[in-house]
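A.B. asks: Protein sequence lines, in the order shown, are assigned to chains A and B. Residue 143 in our numbering sits at position 136 of the first sequence; the count goes up by one each step and never skips. Residue 116 in our numbering sits at position 109 of the second sequence; the count goes up by one each step and never skips. Virtual Cβ for every residue (Gly too), placed ideally from N, Cα, C. Sharing a structure, written as structure tokens. Questions coming.
2 protein chains.
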Amino acid sequence: MTSTTARASERALADLRAAILDGDLAAGAHVGEVETAERLGLSRTPVREALTRLAAEGLVELEAHRGARVTRFSRDDLDGIFDVRLALEPRATARAATHATPADLDALEALARRMQELGAPGPDQDLDALVDLNRDFHARLLELAHAPALAAALANVVHTPVVTRTFRAYDPASLARSLAHHVEIVAALRAGDGDWAGAVMRCHLGNARAVMVGPR
Amino acid sequence: MTSTTARASERALADLRAAILDGDLAAGAHVGEVETAERLGLSRTPVREALTRLAAEGLVELEAHRGARVTRFSRDDLDGIFDVRLALEPRATARAATHATPADLDALEALARRMQELGAPGPDQDLDALVDLNRDFHARLLELAHAPALAAALANVVHTPVVTRTFRAYDPASLARSLAHHVEIVAALRAGDGDWAGAVMRCHLGNARAVMVGPR
DNA sequence: GCACCCTAGGTTGCACACAACATCGGGACG
DNA sequence: CGTCCCGATGTTGTGTGCAACCTAGGGTGC
């Protein structure tokens, strides 16, 4: 009993999403239904359903009778995504100050500190591991905001791992700043200061935008 | 040739969305696949696809083996939705100031004035007609922002007609304010003043929130 | 009288088959 | 030599059948 979710469409969805987010499916790549179905040992039906949902998320684009392609993000798209993040994530972060329990904060701090370790220059540096931890950090923060509509708005636009697919683009100074921001956010939350926490998040995103999309 | 989109799933999607938004399908109502398929003269397959997409939009909720239900919005949900709108729509409105052409503004102004006519107390008052016009006004404004990511974030959360399903909830003073806001937004855009336009949008949403969800 | 089980009905989930459409190649014509 | 037409091929779109699952109702044992 390998606790399979049993639902075939869920598996197809998870698999395709992971493949896109991990970069196994390059941007612009064609995603065939039969090909995917055979790879997963399913029929086309659940694969179709998964593709439909991914299209709604914006990860793939569907063209009639021409199939699905992994969405290609232009520089302007990235910039627009950061606009949305800047409008919503600081607000969510501020709200988290009201709802986070000490246990939540401990978990966040553990994540933030672990990321600092992994990001520190040296033999133990592991920039690839940062991607998942970063995703986790932001996801937890968003959850702590207790604002489902806000989370939904973000989720459907900002596919963090597509945006932050790698930390290799960061120069050492920017990377250090970014990881320090995480720690500072936790500190602000511990102080119960939503404004502070939100401000740090704005810095965090500004820093990231500069790295990812370049000067404005 | 009645320019039917030919695509069955598109028809199912459009029909179901309209049914939900117009209130023909009440919140919480069960949407059966066979029932819908028979009503539209289609098979279950395109209906399934339509339901999947509606679920991604948040208009219906899918439970495994239990089918689809029209999403029910709680007071807190509504409040959260207004939070998102307040974070994004003023920004979009401000951006519209940069991109709108005189022709765009003329079209917007025509809409705004028509809404004032239809909303004015008297025998010609038609509150129901306002719903579609209002949807159109906000949609055009959003389009003028030239910010696809922002529009996507909003679209997937704020189903205007679900939120603003009716203008009957407005008291006369609030209604007059709301309709005046539309006109003022156009004026601000004509002046090329994005900050002003954004501020009016904030007022507009604040007014709407007070009416729709009550005092904070 | 109450709790539990078990069967029957109806719904969704998936697989498969066929039809419609888009693309790409060769061949004929100008 | 270039252009247009047309068929071959592979893809997606839709219809249908069956299996899995959830839910409700009656019956049985306590």
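(1) Excluding sequence positions up to five away, which residues of its chain have a Cβ less than 7 Å from the Cβ of Gly30 of chain B?
(2) Please look up how many angstroms separate the CB atoms of Ala104 of chain A and Asp200 of chain A, rounded, as I've assumed it's under 8 Å.
(3) Is Leu112 of chain A a contact residue of the ligand MN, with contact defined as CB to any heavy atom under 6 Å?
(4) Please name the residue in B:Glu42, B:Arg121 and B:Asn141 whose C-alpha comes closest to that of Phe174 of chain B.
(5) Between Val218 of chain A and chain B, is there a C-beta pair that is closer than 7 Å?
(6) Suppose you measure from the CA of His72 of chain B to the CA of His106 of chain B; what does that come to, to the nearest Å?
(7) Using only CA atoms, which one of A:Arg82, A:Phe144 and A:Arg14 lies nearest to Glu70 of chain B?
(8) According to DSSP, simplified to helix, strand and coil, what is His188 of chain A?
(9) Chain B partners of Leu115 of chain A, CB-CB under 7 Å?
(10) Show which residues of chain B have a CB atom less than 8 Å away from the CB atom of Thr59 of chain A.
(11) Whose C-beta lies closer than 7 Å to the C-beta of Leu49 of chain B among residues of the same chain, with five residues either side of it excluded?
(12) Can you give me the C-alpha to C-alpha distance between Arg82 of chain B and Ser181 of chain B, rounded to a whole angstrom?
(13) Hey, does Arg98 of chain B have any beta-carbon neighbour from chain A nearer than 7 Å?
(14) What does a CB cutoff of less than 6 Å around Val169 of chain B pick up in its chain, not counting 5 residues either side in sequence?
(15) Sort A:Leu61, A:Ala99, A:Gly39 and A:Phe144 by Cα distance to Ala2 of chain A and report the nearest one.
(16) Here's the rule: buried if 16 or more other CB atoms are within 10 angstroms of the residue's CB, otherwise exposed. What is Gly129 of chain A?
(17) For a contact defined as C-beta to C-beta under 7 Å, what are the partners of Asp22 of chain A on chain B?
(18) Using CA atoms only, rank isn't needed, just tell me which of B:Val165, B:Arg79 and B:Ala198 is closest to His37 of chain B.
(19) Which residue wins for smallest C-alpha separation from Met219 of chain B, given the options B:Glu68, B:Leu85, B:Pro109 and B:Arg24?
(20) What's the gap between the Cα of Ala44 of chain A and the Cα of Arg51 of chain A?
(21) Helix, strand or coil for Arg76 of chain B, going by three-state DSSP, please let me know.
(22) What do you get for Glu56 of chain B, buried or exposed, if any count of 16 or more other CB atoms within 10 angstroms of its CB means buried?
C.D. replies: Taking the geometry as given:
(1) Here residue 30 of chain B is taken as the residue at index 23 of the second sequence, counted from 1. Only Arg172 meet the Cβ criterion.
(2) As a first step, residue 104 of chain A is located in the first sequence; it is residue number 97 there, counting from the start. As a first step, residue 200 of chain A is located in the first sequence; it is residue number 193 there, counting from the start. For a cut-off of 8 Å, the C-beta gap from Ala104 of chain A to Asp200 of chain A is around 6 Å, short enough to register as a contact.
(3) As far as ligands go, the structure on display features none, and thus does not contain the ligand MN.
(4) The residue labelled residue 174 of chain B in the question sits at position 167 within the second sequence. The shortest Cα separation from Phe174 of chain B among B:Glu42, B:Arg121 and B:Asn141 belongs to B:Asn141.
(5) For the purposes of this step, residue 218 of chain A is taken as residue 211 along the first sequence, with counting starting at 1. No, its Cβ sits nowhere closer than 7 Å to a Cβ of chain B.
(6) Sequence index remark: in the second sequence, residue 72 of chain B carries index 65 (1-based). Sequence index remark: in the second sequence, residue 106 of chain B carries index 99 (1-based). His72 of chain B and His106 of chain B have their alpha carbons spaced roughly 48 Å apart.
(7) Counted from its first residue, the second sequence places residue 70 of chain B at position 63. Taking each of A:Arg82, A:Phe144 and A:Arg14 in turn and checking the Cα distance to Glu70 of chain B, the smallest one comes out for A:Arg14.
(8) Counting from one through the first sequence, the residue named residue 188 of chain A turns up at place 181. Looking at His188 of chain A - three-state DSSP - the assignment turns out to be helix.
(9) Your numbering for residue 115 of chain A matches position 108 in the first sequence. Contact annotation for Leu115 of chain A against chain B: no contact, minimum CB-CB distance about 22 Å [criterion: below 7 Å].
(10) By 1-based counting over the first sequence, the position of residue 59 of chain A is 52. Chain B residues near Thr59 of chain A: Glu56, Thr59, Arg60 and Ala63.
(11) Indexing the second sequence from 1 puts residue 49 of chain B at position 42. Cβ within range, chain order: Ala15 and Ala19.
(12) Position 75 of the second sequence, counted from the first residue, corresponds to residue 82 of chain B. Position 174 of the second sequence, counted from the first residue, corresponds to residue 181 of chain B. Straight-line Cα distance between these residues: approximately 20 Å.
(13) One-based indexing of the second sequence puts residue 98 of chain B at position 91. At least one beta carbon of chain A lies nearer than 7 Å to the beta carbon of Arg98 of chain B.
(14) The residue labelled residue 169 of chain B in the question sits at position 162 within the second sequence. Sequence-distant Cβ neighbours of Val169 of chain B in its own chain, meaning closer than 6 Å and more than five residues away, do not exist here.
(15) Since the first residue shown for chain A is 8 and the last is 223, residue 2 of chain A is missing from the structure and cannot be characterised.
(16) The sequence position of residue 129 of chain A within the first sequence is 122, counting from 1. Residue environment analysis places Gly129 of chain A among the exposed positions, since fewer than 16 neighbouring C-beta atoms fall within 10 angstroms of its C-beta.
(17) Within the first sequence, numbered from 1, the residue matching residue 22 of chain A stands at position 15. Per Cβ cutoff of 7 Å: no residues; Asp22 of chain A is ~17 Å from chain B at best.
(18) Translated into positions along the second sequence, residue 37 of chain B becomes position 30. The shortest Cα separation from His37 of chain B among B:Val165, B:Arg79 and B:Ala198 belongs to B:Arg79.
(19) Indexing the second sequence from 1 puts residue 219 of chain B at position 212. For Met219 of chain B, the closest alpha carbon among the candidates B:Glu68, B:Leu85, B:Pro109 and B:Arg24 is that of B:Leu85.
(20) Numbered from 1 along the first sequence, position 37 holds the residue referred to as residue 44 of chain A. Numbered from 1 along the first sequence, position 44 holds the residue referred to as residue 51 of chain A. Computed Cα separation, rounded: 5 Å.
(21) The sequence position of residue 76 of chain B within the second sequence is 69, counting from 1. Correct three-state label for Arg76 of chain B: strand.
(22) Sequence index remark: in the second sequence, residue 56 of chain B carries index 49 (1-based). With 16 or more Cβ atoms within 10 Å of its Cβ, Glu56 of chain B is classed as buried.
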